[in-house]
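17 is the number that my numbering gives to position 28 of the sequence shown; each next residue is one higher, with no gaps.
Built from N, CA and C at the ideal position, the CB exists for glycine as well.
Predicted, not measured: the structure shown is a model, and the values here were computed from it.
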Amino acid sequence: MTIESILGAIVIGAIIGALGRLVLPGRQPIGWLVTIIVGIVAALIGTAIAQVLGVETTSGIDWIEIILQVVVAVIGVGLVAGIRGRGRTRV
């Protein structure tokens, strides 16, 4: 694993995580670092789902794969925000 692939994963994770937060309605009580981690995991899971479904990899933009990644990010952000939200007490 090279530094370029690690930086690429961080950038892609930040974008996918941010898109997941943007699509999910309401405020999410999670920070940017957790958003990036959720985005990286969502990108990996979304790519795996696309491969299982037989989505072909092209030389251009793979829109179906990106949509799958964002959907997984929305689910991940929702789960993490729900878990973090339960731990907070309301005054």
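Determine, using beta carbons only, whether Ala62 and Gly28 come nearer to each other than 8 Å. On the sequence shown, position 73 is the one that residue 62 refers to. On the sequence shown, position 39 is the one that residue 28 refers to. For Ala62 and Gly28, yes; Cβs fall inside 8 Å.
Near Val23, what residues of its chain come up, given a Cβ to Cβ distance below 7 Å and the 5 sequence neighbours on each side ignored? Numbered from its first residue, the sequence shown carries residue 23 at position 34. Here the set comprises Val69.
Thr36: buried (16+ other C-beta within 10 angstroms of its C-beta) or exposed? For this step, residue 36 is matched to residue 47 along the sequence shown. Answer is buried; the Cβ neighbour count reaches 16.
Can you find the residues in the same chain that come closer than 6 Å, C-beta to C-beta, to Gly6, ignoring five residues on each side of it along the sequence? The sequence position of residue 6 within the sequence shown is 17, counting from 1. Around Gly6: Thr24, Ile25, Val27, Gly28, Ala62.
Expressed to the nearest angstrom, what Euclidean distance is found between the alpha-carbon atoms of Ala(-2) and Leu42? For the purposes of this step, residue -2 is taken as the residue at position 9 of the sequence shown. For the purposes of this step, residue 42 is taken as the residue at position 53 of the sequence shown. Cα-Cα distance, rounded: 22 Å.
Verify the contact flag: Glu54, CB atom, against every heavy atom of the ligand GDP, threshold strictly below 7 Å. The ligand GDP is not part of the structure shown, which contains no ligands of any sort.
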